[in-house]
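Each step along the sequence shown adds one to the number in the working numbering, with nothing skipped, and position 79 is 305.
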Amino acid sequence: MTADLTLYTNPMSRGRIARWMLEEVGADYEVVLLDYAATMKQQPFLAINPMGKVPAIVHHGRTVTECAAVCAYLAEAFPDSGLAPNADERADYYRWLFFAAGPVEAAVTNRSLGVVPTDQQRRMVGYGDYDRVVDVLEQAVAAHAYIAGDRFTAADVYVGSQVIWGVQFGSLPKRDAFDAYVARLVKRDAYVRAAALDDAAMAPAA
């Protein structure tokens with residue numbers, strides 16, 4: 227019998243974001259571990275995500291990919307978790323969720339690849355320049371305890387993951403606001419559970 231909710235992942239990937247979100251909503255789910263060299267680039271997974279990338283979730287036969295989308299989807303699919311935004315949080319919730327998925331992701335990736343847009347190219351790349359993106363992200367996480375206000379939401383799983391990894395791996399500069407935000411997030415029970423599960427799966431999946 228196929229599970230109602232399946233996570234396709236690798237513990238050394240952005241799949242850790244989806245795992246954290248699944249633990250936050252308290253859903254029962256099955257895990258399929260994929261490796262980069264083979265199963266991630268082959269059928270049957272390519273029928274689920276033709277990009278050959280993880281994570282992907284399949285819920286009641288419907289596929290969701292892209293980490294920000296997975297977080298938003300699960301918050302709505304499991305409303306009892308209380309992780310979808312209320313009316314007062316909705317604007318900041320979507321604004322910063324997609325800011326992290328767009329400008330932050332692009333700026334950090336380009337910087338890690340040594341790509342520095344010229345002044346003319348900054349008009350084309352969408353995020354402008356890395357320093358501006360970092361400054362705006364800092365302002366966003368410093369404005370409230372959490373990204374959409376004083377309450378943890380699904381947007382914090384995605385935005386928080388970007389900041390946690392940025393601080394850990396040095397793709398974001400040292401900022402007090404980043405450190406304070408990370409400190410709040412990594413204490414969450416769901417974060418701790420998800421990290422332990424992925425760490426335990428890391429050796430056989432490597």
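Every residue, glycine too, gets a C-beta built ideally from N, C-alpha and C.
Using C-beta distances below 6 Å, list every residue in its chain close to residue i, excluding the 5 sequence neighbours before and after it, in chain order.
i: L300; result: M247, V251
i: A366; result: W322
i: A294; result: L323, A327, Y384
i: Y353; result: P329, A332, A333, V359
i: A432; result: Model confidence at A432 stands at a pLDDT of 45, short of 50, so the residue's coordinates are unreliable and nothing is read from them.
i: G386; result: L411
i: A310; result: A301, E302
Is the Cβ-Cβ distance between residue i and residue j less than 9 Å?
i: V258; j: T232; result: yes
i: P270; j: R240; result: no
i: T291; j: K279; result: yes
i: E302; j: Q388; result: no
i: A298; j: A381; result: yes
i: V296; j: I243; result: yes
i: A368; j: A317; result: no
i: D357; j: P343; result: no
Quick one: measure Cβ to Cβ for residue i and residue j, integer angstroms, because I've assumed they're closer than 8 Å.
i: A374; j: E315; result: 4 Å
i: N236; j: Y262; result: 7 Å
i: T379; j: Y417; result: So it is not a contact: roughly 14 Å between Cβ atoms.
i: D376; j: H370; result: 6 Å
i: S397; j: R348; result: Rounded, the Cβ-Cβ distance is 19 Å, inconsistent with contact.
i: E364; j: A313; result: Actually they do not touch by this definition, with Cβ atoms about 27 Å apart.
Does the CB of residue i have a neighbour CB from chain B at under 9 Å?
i: V359; result: In the structure shown, chain B does not exist; there is a single protein chain.
For residue i, which beta-bridge partners are listed by DSSP?
i: R288; result: H285
i: G375; result: Y372
i: Y234; result: V258, A282
Tell me which same chain residues have a C-beta within less than 8 Å of the C-beta of residue i, skipping the five on either side of it?
i: F304; result: V251, G252, A253
Closer than 7 Å by C-beta to residue i: which residues in its own chain qualify, once you throw out the five before and the five after it? Chain order, please.
i: Y372; result: F378, T379, D382
i: A427; result: P237, L259
i: I274; result: Y234, A282, V284, T289
Runs of alpha helix (DSSP H) lying entirely within the region 328-365, each at least 4 residues, in chain order: Counting only runs of at least 4 residues, the region 328-365 fully encloses the following alpha helix (DSSP H) elements, listed from N- to C-terminal order: 331-338.
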